[in-house]
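Residue 20 in full-length UniProt numbering is what sits at position 20 of the sequence shown, and the numbering runs on without skipping anything. Before any comments, here is the structure.
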Amino acid sequence: NRLNEQRNIGVTLNEHQILRIFADICRGVSACHFRRPQPILHRDIKLENVLIDSRQNYVLCDFGSAIMLPPSTTNEHQQYQIDQLTTNVIQQLEEEIQRYTTLCYRAPEMIDLYSRKPLTLKIDIWAMGCLLYKLMYNTMPFGDSVLAIQNGTFVIPDDMAQSYSRELNLLVRYLLEIDIGKRPDIWQVRNYFLFRFV
Numbered sequence: 001n002r003l004n005e006q007r008n009i010g011v012t013l014n015e016h017q018i019l020r021i022f023a024d025i026c027r028g029v030s031a032c033h034f035r036r037p038q039p040i041l042h043r044d045i046k047l048e049n050v051l052i053d054s055r056q057n058y059v060l061c062d063f064g065s066a067i068m069l070p071p072s073t074t075n076e077h078q079q080y081q082i083d084q085l086t087t088n089v090i091q092q093l094e095e096e097i098q099r100y101t102t103l104c105y106r107a108p109e110m111i112d113l114y115s116r117k118p119l120t121l122k123i124d125i126w127a128m129g130c131l132l133y134k135l136m137y138n139t140m141p142f143g144d145s146v147l148a149i150q151n152g153t154f155v156i157p158d159d160m161a162q163s164y165s166r167e168l169n170l171l172v173r174y175l176l177e178i179d180i181g182k183r184p185d186i187w188q189v190r191n192y193f194l195f196r197f198v
């Protein structure tokens with residue numbers, strides 16, 4: 001994965017490059033989330049799962065962690081019904097999350113299943129926020145700190161904050177919204193992206 005290799009050796013991407021990569025990722029996530037009758041929840045969006053094809057398009061890969069959500073008429077109802085699960089089923093789901101997802105990209109609602117917050121398509125949106133932050137600052141917003149993820153506590157590095165536009169930094173904050181109800185869906189992300197960057 002050339003993109004991941006570049007980030008590992010500290011290659012800094014400019015805003016135009018980041019927007020190009022992020023636009024392609026948005027297209028991939030849109031195709032998954034808008035799939036009917038059952039949308040696909042990727043569950044493991046991360047830099048290592050973004051490849052570059054022969055035409056220099058960035059492509060989301062590794063659907064081994066992906067699941068199809070139950071059919072529904074609205075996105076709001078396409079979710080795991082956590083509030084209806086027994087303790088044993090929650091423990092199995094926790095094991096599945098640990099096996100198939102990467103901690104530093106996990107949404108807060110995946111960290112503490114006993115809080116019984118719904119697991120929706122917005123899990124992927126959170127991971128997109130982590131990925132965007134990684135593209136910009138070559139580090140993860142929360143590291144591997146479970147507490148930081150649960151609290152949504154992260155900072156924009158002072159020494160690099162001016163490297164990118166205010167709008168791009170706001171996009172990171174928009175994606176990493178701890179409140180599931182306020183966190184955007186992929187449609188809102190695309191609209192934000194189109195109105196501010198195109």
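Each residue gets a CB set at the ideal place from its N, CA and C atoms; glycine is no exception.
Specify whether the segment 143-163 and the segment 46-61 touch according to this definition: at least 3 beta carbon pairs, one from each stretch, less than 8 Å apart.
Cβ pair count under 8 Å is below three, so no.
Taking 8 Å as the limit between beta carbons, can you name the residues of its chain near Val172, skipping five residues before and five after?
Hits under 8 Å: Gly129, Leu132, Tyr133, Met136, Pro141, Ile156.
Quick one: Cα of Asn57 to Cα of Phe22, how far?
The straight-line gap from Cα to Cα measures roughly 11 Å.
Which of the three DSSP states is assigned to Leu60 in this structure?
Note: Leu60 maps to strand in three-state DSSP.
Which word fits Leu41, buried or exposed, when buried means at least 16 other C-beta atoms lie within 10 angstroms of its C-beta?
Leu41 is buried by the Cβ-count criterion.
Taking its Cβ as the centre, do 16 or more other Cβ atoms sit within 10 Å of Thr73, making it buried, or is it exposed?
Unreliable placement is indicated for Thr73, whose pLDDT of 43 sits below 50; no coordinate value is reported for it.
Buried or exposed: which applies to Glu109, given that a residue is buried once 16 or more other Cβ atoms fall within 10 Å of its Cβ?
Classification of Glu109: buried, given that the 10 Å Cβ count is 16 or more.
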